[in-house]
Amino acid sequence: MSRRSEIQLTTEEQARFYKNTQGALATLDKDGFPHVVAMGFLAKDGAIYMIHTQGQKVVNIRRTRRSA
22 MSRRSEIQLT
32 TEEQARFYKN
42 TQGALATLDK
52 DGFPHVVAMG
62 FLAKDGAIYM
72 IHTQGQKVVN
82 IRRTRRSA
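Basically our numbering = 1-based index in the sequence shown + 21.
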């Protein structure tokens with residue numbers, strides 16, 4: 022029996038958590054090796070936004086075009 026619904030953060034708890042948190046973005050390079058970088062982000066309306074327009078992470082995301 023799943024307890025997931027019992028341990029989820031409320032909307033207010035999520036807002037407090039994400040307000041002062043950085044995240045790590047992990048992508049895979051062309052050979053399948055992980056590329057992990059620290060990223061700042063904005064959590065708004067139930068979505069997480071990361072803004073970055075260049076670098077290896079962007080190349081990897083554009084190549085695979087899938088999300089978690």
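Beta carbons are placed, not taken as given, at the ideal position from N, Cα and C, and that holds for glycine.
On a predicted model such as this, the values are computed, not experimentally measured, just so you know.
Which residues in the same chain have their Cβ closer than 7 Å to the Cβ of residue i, if we skip the five residues on either side of it in sequence?
{"i": "Phe38", "result": "Leu30"}
{"i": "Ala59", "result": "Gln43, Ala45"}
{"i": "Arg61", "result": "Correcting the residue type first, residue 61 is Gly in the shown sequence and not Arg. Taken in chain order, the residues that qualify are Gln43."}
Determine the DSSP secondary structure at residue i, reduced to helix, strand or coil.
{"i": "Lys19", "result": "Residue 19 is absent from the model: the chain starts at 22 and stops at 89."}
{"i": "Thr31", "result": "coil"}
So, for residue i: in the same chain, excluding its five sequence neighbours on each side, which residues have a beta-carbon less than 8 Å away from its beta-carbon?
{"i": "Ser26", "result": "none"}
Ignore the nearest five residues each way along the sequence and tell me which others in residue i's own chain have a CB closer than 6 Å to its CB.
{"i": "Gln77", "result": "His56"}
{"i": "Ala47", "result": "Pro55, Val57"}
State the start and end residues of the unbroken beta strand (DSSP E) segment that holds residue i.
{"i": "Gly44", "result": "44 to 49"}
Starting from residue i and walking both ways along the alpha helix (DSSP H), at which residues does that stretch end?
{"i": "Arg84", "result": "77 to 85"}
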